[in-house]
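In terms of the UniProt record's numbering, the sequence shown opens at residue 1 and continues consecutively. Each remark here refers to the structure printed beneath this line.
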Amino acid sequence: MNQPVIHQFSVVNALMAGLYDGSFPAREVLAAGDFGVGCGNALNGELVVIDGQIFRCTDDGNVTRGDPDELLPFAEVVAFAPTASHEFSARLDRTGLEAWITALAGNPNQFYAIRVDGEFEHMLVREPVRQHHPYRPLAEVMSTQREMTLPTTTGSLVGFWAPPIFQGISVAGYHLHYLDDARTHGGHTLDYTLSRGTLHLQPLAGITLRLPTTPAYAAATLISPTSDADIRRVESRSAR
């Protein structure tokens, strides 16, 4: 049986280098997949792609529907068709849930699409502040990110596991965004505690990649001695 693949638009290291101008129409991203994550033009919001719709979570705390004509600087999506599920009835923090997912997935060298629908007694999310030219590198920008703690909330974790060797192309390890069921709060997850919920897991055969064709991308330095550490810092609570 042929497994589906992630369709990715640009690379994480391009964001790290400050390439925030969009190159890919949102409607093309949605044509490639109905589930995934991304960010808005000029870092205007964290994006959650769920059930075939794009939602933008912005630094003012709002969630809005994405514009299909917006040009996006980064996204990764898949046609979501999970092949395994698991019910969680006991309280799990982020580390505990990720350990369960890792064990259930079974292959750290494969991509996985991950959705967890449930009730969370604690959810810490972040949204970047919209940027203006001249752009600064992402590791600097995230010092001004907005963080928001949601107490009890019901919604979905949406995202991917990427093998460690893909760091810089994707985010190695877990890259999860959150959107509540009311479509009023969400963002990039920094920490959470699951009260109960259901994991939906989809193994993926690989990744297809579209790169920007802009002069800025052609001139960018996309890797440095601190690339890995910078990505880890941006993805964690220590970005400030």
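All residues carry an ideal CB built from backbone N, CA and C; glycine is no exception.
- The alpha-carbon of residue 125 is positioned some 25 Å away from that of residue 7.
- About 12 Å separates the beta carbon of residue 3 from that of residue 201, a gap too long to meet the 8 Å contact definition.
- By the 16-neighbour rule on beta-carbons within 10 angstroms, residue 65 is exposed.
- Cβ neighbours of residue 71 within its own chain (closer than 7 Å, five residues either side excluded): 22, 23, 24, 25 and 41.
- At a Cβ-Cβ threshold of 7 Å, residue 113 and residue 78 count as neighbours.
- For residue 63, the closest of 123, 5, 235 and 186 by C-alpha to C-alpha distance is 186.
- DSSP, read as helix, strand or coil, puts residue 78 in strand.
- Measuring C-alpha to C-alpha distances from residue 118 to each of 217, 218, 196 and 209 identifies 196 as the nearest.
- One alpha carbon belongs to residue 149, the other to residue 129, and they sit about 17 Å apart.
- DSSP, read as helix, strand or coil, puts residue 169 in coil.
- When 212, 115, 176 and 182 are compared, the shortest CA-CA separation from residue 83 is found for 115.
- Residue 174 and residue 134 have their alpha carbons spaced roughly 30 Å apart.
- Runs of the beta strand (DSSP E) spanning 3 or more residues and lying entirely within the stretch 73–146 occur at 74–78, 84–88 and 111–127, in chain order.
- Per DSSP, reduced to three states, the secondary structure at residue 181 is coil, with no helix or strand assignment.
- The shortest CA-to-CA distance from residue 34 to any of 14, 56, 81 and 105 is the one to 81.
- The stretch 9–20 makes contact with the stretch 215–230: 3 or more CB pairs, one atom from each, lie closer than 8 Å.
- With a cutoff of 7 Å on beta-carbon distance, residue 98 and residue 36 are scored as not near each other.
- Counting only the Cα atoms, residue 161 lies some 11 Å from residue 206.
- When secondary structure is reduced to three states using DSSP, residue 5 falls in the coil class, being assigned neither helix nor strand.
- Runs of the alpha helix (DSSP H) lying entirely within the stretch 13–38 and spanning at least 4 residues, in chain order: 26–32.
- Note on geometry: alpha-carbon atoms of residue 194 and residue 90 lie some 8 Å from one another.
- Cβ contact annotation for residue 44 (same chain, cutoff 6 Å, sequence separation greater than five): 130, in chain order.
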